[in-house]
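Written below as C-alpha cells is the structure these notes are about.
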Amino acid sequence: MRTQVGIIGAGPAGLLLSHLLHLRGISSVVLERRSREYVERRVRAGVLEQGTVDTLAQAGVGGRMLREGLPHHGIELRYGGAAHRIPFERLVPGRAITVYGQQEVVKDLIAARLAAGGDVRFEVEDVRLHALESEPYVTFGGQRLDCDVIAGCDGFHGVSRPAIPDGVLSVFEREYPFAWLGILAWVAPSSEELIYARTERGFALHSMRSPTVSRFYLQVPADARLADWPDERIWAELRARLETVPGFALATGEITERGITPMRGFVAEPMQYGRLYLAGDAAHIVPPTGAKGLNLAVADVRVLTEALAAYFADGSTTLLDGYSRACLKRVWRAQHFSWWMTTLLHTFEQDDPYARRLQLSYLDYVTSSEAAATTLAENYVGLPFDAGR
Ligand code: FAS
Ligand code: PHB
Numbered sequence: 099m100r101t102q103v104g105i106i107g108a109g110p111a112g113l114l115l116s117h118l119l120h121l122r123g124i125s126s127v128v129l130e131r132r133s134r135e136y137v138e139r140r141v142r143a144g145v146l147e148q149g150t151v152d153t154l155a156q157a158g159v160g161g162r163m164l165r166e167g168l169p170h171h172g173i174e175l176r177y178g179g180a181a182h183r184i185p186f187e188r189l190v191p192g193r194a195i196t197v198y199g200q201q202e203v204v205k206d207l208i209a210a211r212l213a214a215g216g217d218v219r220f221e222v223e224d225v226r227l228h229a230l231e232s233e234p235y236v237t238f239g240g241q242r243l244d245c246d247v248i249a250g251c252d253g254f255h256g257v258s259r260p261a262i263p264d265g266v267l268s269v270f271e272r273e274y275p276f277a278w279l280g281i282l283a284w285v286a287p288s289s290e291e292l293i294y295a296r297t298e299r300g301f302a303l304h305s306m307r308s309p310t311v312s313r314f315y316l317q318v319p320a321d322a323r324l325a326d327w328p329d330e331r332i333w334a335e336l337r338a339r340l341e342t343v344p345g346f347a348l349a350t351g352e353i354t355e356r357g358i359t360p361m362r363g364f365v366a367e368p369m370q371y372g373r374l375y376l377a378g379d380a381a382h383i384v385p386p387t388g389a390k391g392l393n394l395a396v397a398d399v400r401v402l403t404e405a406l407a408a409y410f411a412d413g414s415t416t417l418l419d420g421y422s423r424a425c426l427k428r429v430w431r432a433q434h435f436s437w438w439m440t441t442l443l444h445t446f447e448q449d450d451p452y453a454r455r456l457q458l459s460y461l462d463y464v465t466s467s468e469a470a471a472t473t474l475a476e477n478y479v480g481l482p483f484d485a486g487r
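For any residue, its number in the working numbering is found by taking its place in the sequence shown, counting from 1, and adding 98.
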C-alpha cells in the first residue's frame, strides 16, 4: 500500500493535516491506535484562538463550530477579592476566542475526512516507523504503508518522536510542582466569560462548553489522585476559590467527566528528522493555563501543509527544510506565555512571602496597565500567523 503522506495519530493535528492535504490534492493515510468512539469522546482543550477558528472555517470544517461555538471577547482575572476583566474588544479589536470543545473539532474533522473518502484507520496496532532517511514506510498490524513523507502527529506519548535516533534531538522541559484536576459538569455556567482565579488556596478556572455544560479546573498537588477528590470536595474547593467576590455564587451539578493533567512545558528540537515531521504534542507540550496546546498543533499543521504542497508541486524542499525553524518561533512564544500565565496565577509552595507579593504586584499591573493587559490579550487570542513573534 502507498500514499504520499503517512500520518500517525487522529488527534487535531493529524486530522487537520489530512484534511488540508486533501484540499491540495495530496493523499494521506491516518493511523490511529484508539477507537473512533474514544477519540471523539476524549475531553481536552476548550479554547480556540482566532487563527484556529479562521483556519477551520476557511478549510470548510467550521460550520458547526460557527453555529455552536461561543465567541468570547474577554476573560476575567479574579484575585484579592476583586474581579478584573481583560477586554479583548478594546485591547485587540476584531480578535476574540471561541469556546468549542476539542472533541467537537475532532468529530467535525473525522466526519469531513470520511465524507471525502479519506483513509482514517482506527484501532491500529503496533505502529512502527522505518527508513526515515531514505524511502520511509510504516508497519502496523502486519501491514506496510510506503509513503514519501511521515507526519508524526501522535502526541506526547506517541512512537514518532522516539523513532528519531538518540543524539539528534535537543529536549527542553519544565515540570511544574502541581497538576490540574479538571471536571465537566451538567450545570449552566455561573459566568458568561472564563474566570482565572488566583487564591492563597491555589488556582481555579471556570470555563464552559455550552449554555448547559461547564468546565472547571483546580490546581492540585502533582501527586493528587481522583480517589481523594469526591464530588463534594471538588465543589467545596471550587466555591472556596471562586466565590471570592461579592454577589458571585457558583452553581453545581452532576460531574460527568473528571481527570488529572500533569503540568509541564516540553519542546523537542528540531521538529523533523529525514522524512519525518513532528506536529502538535508529538513535538511540544505547554501547561494548559494559556489554552495553547490545541492551537499550537493547528499552527504547526498550517506550516507543514504549505511545505508539503510546495514539495509535491515541484519537488522543492526549501519549506520542508525550514519547517522546524518556522514552527519553533511560535512554539517558544506559546511556551513563554503559558509559563507566564501559570506562574502569575498559581501558588507555589516554595514561594516565600516576598515572591507572593511580587506575584500580586504583577497581577495589579496587568489589570491596571493598558500596555500590560494588551500583552496578555494579544497572546491569549493568538498572534497573527505571519507575526513572526
Ligand atoms: P493528541 O494527543 O490530541 O493526538 C494524538 C493522537 O495520536 C491520539 O489520538 C493518540 O491516540 C494517537 N496515538 C498515540 N500514539 C499512537 C500510536 N503509537 N499509534 C497510532 N496513534 C497513536 N490544551 C489546551 O489548550 N487546553 C486544555 O485544557 C487542555 N487539556 C488537556 C488535557 C489532557 C488530559 C491532555 C493530555 C492534553 C490537554 N491539552 C489541552 C492539550 C491538548 O489539547 C493537545 O494540545 C492537543 O490534543 C494536541 O493535539 P495533537 O497534537 O493532535 O495530539
Ligand atoms: C477549557 O475550557 O478546557 C480551558 C479553557 C482555558 C484554559 C484551559 C482549558 O486556559
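Glycine is no exception: its CB is placed at the ideal position from the N, C-alpha and C atoms.
Check whether the Cβ of residue i sits closer than 7 Å to any heavy atom of ligand 2, and report yes or no.
i	result
Ser305	yes
Gly357	no
Ala143	yes
Ala389	yes
Arg313	yes
Pro386	yes
Leu336	no
Leu292	yes
I need the DSSP call for residue i, collapsed to helix, strand or coil.
i	result
Thr473	helix
Glu335	helix
His120	helix
Val137	helix
Leu168	strand
Leu392	helix
What residue range is occupied by the uninterrupted alpha helix (DSSP H) comprising residue i?
i	result
Tyr198	Segment: none, Tyr198 is in no alpha helix (DSSP H) and carries neither H nor E.
Cys425	Tyr421 to Leu443
Phe270	No alpha helix (DSSP H) contains Phe270, which is instead part of the beta strand (DSSP E) from Ser268 to Trp284.
Val457	Checking the sequence shown, residue 457 turns out to be Gln, not Val. Residues Pro451 to Val464.
Ala155	Gln148 to Gln156
Arg259	Neither: Arg259 is in no alpha helix (DSSP H) and is coded neither H nor E.
Just checking residue i against ligand 1 - is the residue's beta carbon closer than 7 Å to any of the ligand's heavy atoms?
i	result
Ile106	yes
Val222	yes
Leu207	no
Val257	yes
Gly480	no
Can you tell me where the beta strand (DSSP E) holding residue i begins and where it ends?
i	result
Leu304	It should be noted that the sequence gives His, not Leu, for residue 304. First-last of the beta strand (DSSP E) with His304: Gly300 to Ser308.
Thr354	Glu352 to Glu367
Arg183	Ala180 to Pro185
Going by DSSP, name the residue or residues bridged to residue i.
i	result
Val218	Val128
Asp244	Arg100 and Tyr235
Ile293	Glu174 and His304
Tyr315	Gly280 and Leu303
Leu227	Val236
Tyr371	Leu374
Three or more C-beta pairs closer than 8 Å, one from the stretch 170-177 and one from the stretch 147-162: is that the case here?
no
Inter-stretch contact at 8 Å, needing at least 3 Cβ pairs: the stretch 342-362 / the stretch 176-186
Touching, yes.
Evaluate contact between the stretch 325-339 and the stretch 233-247, counting only Cβ atoms and requiring at least three cross-stretch pairs below 8 Å.
no
Does the stretch 357-376 touch the stretch 260-278, meaning 3 or more C-beta pairs lie closer than 8 Å?
yes
Does the count of Cβ pairs from the stretch 152-166 and the stretch 241-256 closer than 8 Å reach three?
no
Inspect the CB distances between the stretch 431-441 and the stretch 389-400 and report whether three or more fall short of 8 Å.
Yes, since at least three Cβ pairs between the stretch 431-441 and the stretch 389-400 fall closer than 8 Å, the two stretches touch.
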